[in-house]
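A.B. asks: Be aware that the sequence shown starts at 636, since it is given in the working numbering, and climbs by one per residue. Sharing a structure here in structure tokens format.
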Amino acid sequence: MTAGEDETTSAAALRALPKIDLHCHVDGAARPSTLLELARAGGHALPAGVRTAAELAPHVRVGPGCRSLDGFLATFETFYPWLATPGAMGRLARELVEDAAADGVVHLEARLCPALQAQGRVTAADVLEEALAGLADGARAHGVSVGAIVCLYRPLPPAVNAGLLELALRFHGRGVVGIDLAGPERLPGAPFAALFDRARDAGLPITVHAGEDAGPESVREALDVLHARRLGHGVALARDAALAARVRDAGVVLECCLTSNVQTGAVPSLREHPFAALRRAGLAVTLNTDDPGVSDTTLSRELALAAATWGLGRTELAALQGVAAQAAFLDEPARAALRVRLQA
């Protein structure tokens, strides 16, 4: 065991703890070995000197000194063209569930923007269907409860985002459990108001990336304009106590991602992450992986970071899973079944 660990928060104990990951991107979970195979199969040029997955890894994972969102996203540029091929996203989805299950995750909500891999004759619907099939295959093989969240993406044309909402509604209850708004938070969410009104009216659960690379105003917009029930990251709430209290009182849940928040520069360091302060203020906070492949992390590692940084014990880490279960985009029978798995 390392410093700060005891027998209840050792790596093995945390892997054995039943866990829930509510904020995980399919494309950001790719294994270097899979990316190498996809690049070769598609005839794509590899970075100079790369012959093995180990040699590719530094090019598809953020470096230890990364502290900016631009630097973080630049990592995706290396491999993103390799994903725009039939079967790629289905494979990544299946392997994501396999990796999560090996880490002790019992419920996973995996998000993707299928328009980003649509190319030529491959449509966003094709990408979503193969990703849903991959998630379902992984769920059956590994006994994990899985749902997909369709991301609308701020930089895309309005017609494309409208089509993504139609896909989410079409597959709601058939693998899709909610929608998200992702992309640079400096781009306003107001143009998406009508789409998110429609999602709310149709009973489609909503989470929104907010308070990560923009300030509290992005959180306010997520609440007032986009009807968010959960907030992706939300770390900017630490700068607005009144808004944080409003989020707390509304029961809106935060999807915190410790490692990626440091890597993107959303927080200066892990010690300065507001996770513990927001918990003390009574907000419903969860821990998640975000992009486990790109960040080279697992949910167990994220819990270990919380244990080592703020002295959380197994009881508190298990309680976080209870918060996540309550926040999961599930109906009540499925949520009750998930609680039973957590208690076991």
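Positions of the beta carbon are idealized from the N, C-alpha and C atoms, including for glycine. In this text the structure is predicted, and so the values were computed from the model without any measurement.
With distance defined between alpha-carbon atoms, name the residue in Gly798, Leu671, Gly755, Arg835 nearest to Leu787.
C.D. replies: Counting from one through the sequence shown, the residue named residue 787 turns up at place 152. Looking at the Cα atoms, Gly798 is the closest of the given residues.
A.B. asks: For Val975, count neighbouring Cβ atoms within 10 angstroms of its own Cβ and tell me buried if that reaches 16, exposed if not.
C.D. replies: Here the question's residue 975 lines up with position 340 in the sequence shown. Result: exposed.
A.B. asks: Can the beta-carbon of His973 be found closer than 8 angstroms to that of Thr921?
C.D. replies: Residue 973 sits at position 338 when you count from the first residue of the sequence shown. Residue 921 sits at position 286 when you count from the first residue of the sequence shown. As written in the sequence, residue 973 is Leu, which differs from the His given in the question. In this structure, Thr921 does not lie closer than 8 angstroms to Leu973 by Cβ.
A.B. asks: What is the DSSP secondary structure of Met636, reduced to helix, strand or coil?
C.D. replies: The sequence position of residue 636 within the sequence shown is 1, counting from 1. Below a pLDDT of 50, predicted positions are generally treated as unreliable, and Met636, at 43, falls in that range; no measurement from the model is reported.
A.B. asks: With distances taken from CA atoms, which of Asp931, Leu918, Leu938 is nearest Ala689?
C.D. replies: On the sequence shown, position 54 is the one that residue 689 refers to. When each option's Cα is compared against that of Ala689, the closest is Asp931.
A.B. asks: Smallest Cα separation from Ala834: which of Pro823, Val854, Arg805, Arg855?
C.D. replies: On the sequence shown, residue 834 is found 199 positions in, with the first residue counted as 1. Ranking Pro823, Val854, Arg805, Arg855 by Cα distance to Ala834 puts Arg805 first.
A.B. asks: Tell me the start and end of each unbroken alpha helix (DSSP H) in the stretch 848-925 that is at least 4 residues and wholly inside, in chain order.
C.D. replies: Those alpha helix (DSSP H) runs which fall completely within the stretch 848-925 and span 4+ residues are 851-859, 876-885, 893-898, 910-915.
A.B. asks: Among Asp926, Gly917, His908, Thr894, whose alpha-carbon lies nearest the alpha-carbon of Pro699?
C.D. replies: Here residue 699 is taken as the residue at index 64 of the sequence shown, counted from 1. Of the listed residues, the one whose Cα sits closest to Pro699 is Thr894.
A.B. asks: Measuring only the C-alpha atoms, how far is Arg864 from Val887?
C.D. replies: Against the sequence shown, residue 864 aligns to sequence position 229. Against the sequence shown, residue 887 aligns to sequence position 252. Their Cα atoms are separated by approximately 5 angstroms.
A.B. asks: Residues in the same chain with beta-carbon distance under 7 angstroms from Gly725, minus the five sequence neighbours each way, listed in chain order, please.
C.D. replies: By one-based count along the sequence shown, residue 725 stands at place 90. Within the same chain, Gly725 has close Cβ partners Glu765, Ala766, Ala768, Gly769.
A.B. asks: Specify whether the stretch 851-862 and the stretch 732-742 touch according to this definition: at least 3 beta carbon pairs, one from each stretch, less than 8 angstroms apart.
C.D. replies: Contact between the stretch 851-862 and the stretch 732-742 is absent, because fewer than three Cβ pairs lie under 8 angstroms.
A.B. asks: Can you find the residues in the same chain that come closer than 8 angstroms, C-beta to C-beta, to Glu937, ignoring five residues on each side of it along the sequence?
C.D. replies: Mapped onto the sequence shown, residue 937 falls at position 302. Once the five neighbours on either side are set aside, the close Cβ partners of Glu937 are Cys892, Leu893, Thr894, Leu922, Asn923, Thr924.
A.B. asks: What number of angstroms, rounded off, separates the C-alpha of Ala651 from the C-alpha of Ser645?
C.D. replies: What you label residue 651 is simply residue 16 of the sequence shown in a count that begins at 1. What you label residue 645 is simply residue 10 of the sequence shown in a count that begins at 1. Distance between the alpha carbons of Ala651 and Ser645: 10 angstroms.
A.B. asks: Can the beta-carbon of Pro819 be found less than 8 angstroms from the beta-carbon of Asp848?
C.D. replies: Numbered from its first residue, the sequence shown carries residue 819 at position 184. Numbered from its first residue, the sequence shown carries residue 848 at position 213. It is a contact, given that the beta carbons lie within the stated cut-off.
A.B. asks: Do Gly867 and Glu890 have their C-beta atoms closer together than 8 angstroms?
C.D. replies: Residue mapping note: residue 867 aligns to position 232 of the sequence shown, counting from 1. Residue mapping note: residue 890 aligns to position 255 of the sequence shown, counting from 1. Cβ distance < 8 angstroms, so Gly867 and Glu890 count as in contact.
A.B. asks: Just curious, the alpha helix (DSSP H) that Ser780 is in, first and last residue?
C.D. replies: For the purposes of this step, residue 780 is taken as residue 145 along the sequence shown, with counting starting at 1. It is not in any alpha helix (DSSP H) - Ser780 instead sits in the beta strand (DSSP E) that spans 780-788.
A.B. asks: Measuring CB atoms only, is the stretch 672-686 touching the stretch 710-719, in the sense that at least three cross pairs come out at less than 8 angstroms?
C.D. replies: The stretch 672-686, when compared against the stretch 710-719, does touch it at the 8 angstroms Cβ threshold.
A.B. asks: The beta strand (DSSP E) spanning Thr842 covers which residue range?
C.D. replies: The sequence position of residue 842 within the sequence shown is 207, counting from 1. Element bounds for Thr842: 841-845.
A.B. asks: CB-CB under 6 angstroms to His807, same chain, minus the five flanking residues each way: which ones, in chain order?
C.D. replies: In the sequence shown, the residue the question calls residue 807 occupies position 172. Within the same chain, His807 has close Cβ partners Leu839.
A.B. asks: Please tell me whether Pro1019 and Arg874 are closer than 8 angstroms, where the distance is taken between their beta carbons.
C.D. replies: A query on residue 1019 cannot be resolved here, the shown segment of the chain reaching from 636 to 979 and no further.
A.B. asks: I'd like the span of the alpha helix (DSSP H) that includes Asp832, first residue to last.
C.D. replies: Reading the sequence shown from its first residue, position 197 is the one you call residue 832. Looking at the DSSP string, the run of the alpha helix (DSSP H) that includes Asp832 is 828-836.
A.B. asks: Would DSSP call Ala972 helix, strand or coil?
C.D. replies: Within the sequence shown, numbered from 1, the residue matching residue 972 stands at position 337. If DSSP states are grouped into helix, strand and coil, Ala972 belongs with the helices.
A.B. asks: Starting from Gly722, trace the beta strand (DSSP E) both ways and give me its first and last residue.
C.D. replies: Working through the sequence shown from its first residue, we reach residue 722 at position 87. Where Gly722 is concerned, there is no enclosing beta strand (DSSP E), given that its DSSP letter is neither H nor E.
A.B. asks: Tell me the DSSP secondary structure of Val811 in three-state form.
C.D. replies: The residue given as residue 811 occupies position 176 in the sequence shown. Val811: strand per DSSP, three-state reduction.
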